[in-house]
Amino acid sequence: DPSAQLVDLPATSTSLRNEAHNAVAGHHQMAVFRHGPVTLIAFVFEPGGRLKEHQTDGVVTIHVLAGHLRVVVDDEVHELTAGRLLGLGPNVPHTVTALAASEMLLTVHRGVT
Numbered sequence: 067d068p069s070a071q072l073v074d075l076p077a078t079s080t081s082l083r084n085e086a087h088n089a090v091a092g093h094h095q096m097a098v099f100r101h102g103p104v105t106l107i108a109f110v111f112e113p114g115g116r117l118k119e120h121q122t123d124g125v126v127t128i129h130v131l132a133g134h135l136r137v138v139v140d141d142e143v144h145e146l147t148a149g150r151l152l153g154l155g156p157n158v159p160h161t162v163t164a165l166a167a168s169e170m171l172l173t174v175h176r177g178v179t
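Below, the structure written as structure tokens:
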């Protein structure tokens, strides 16, 4: 693994939006960095795009780069716009819905309790 890796998030978002295949559930995604237990994944959402309820076995951060996402954790609704970040502990079920065209950086850090 390299000791440093530069990621151009705007260029990544443009690349994802221009993918030839149709969006799955209204979104495209790509892992942009992996090192040990840490993975960063860039997402672009169409309005109405959705990630159905899911959970992961690591600490998660959802960082909205552009647009407007609604994240539901249990019965709590979090409205996230550009610059807002939501942190989740391991194994916390959540859904993500794009209320507008949106860009998100998801970080997963496995092995943290």
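Under our numbering, the residues of the sequence shown are numbered 67 to 179, in order.
Where a beta carbon is used, it is the ideal one built from N, C-alpha and C, also for glycine.
Can you give the Cα-Cα distance for Q71 and F99, rounded to whole angstroms?
Taking the sequence shown and counting its residues from 1, one reaches residue 71 at position 5. Taking the sequence shown and counting its residues from 1, one reaches residue 99 at position 33. When rounded, the distance between both Cα atoms is 8 Å.
Report all residues from its chain with a CB closer than 8 Å to the CB of R116; omit the five preceding and five following residues, and keep chain order.
The residue you call residue 116 lines up with position 50 of the sequence shown. Excluding residues within five positions, the ones whose Cβ falls inside 8 Å are A91, G92, H93, T161, V162, T163 and A164.
Just how far apart, CA to CA, sit V174 and G153?
Sequence index remark: in the sequence shown, residue 174 carries index 108 (1-based). Sequence index remark: in the sequence shown, residue 153 carries index 87 (1-based). Near 10 Å, if we compare the C-alpha coordinates of G153 and V174.
Which residues mark the beginning and the end of the alpha helix (DSSP H) in which T80 is found?
One-based indexing of the sequence shown puts residue 80 at position 14. From DSSP, the alpha helix (DSSP H) with T80 extends over L75 to R83.
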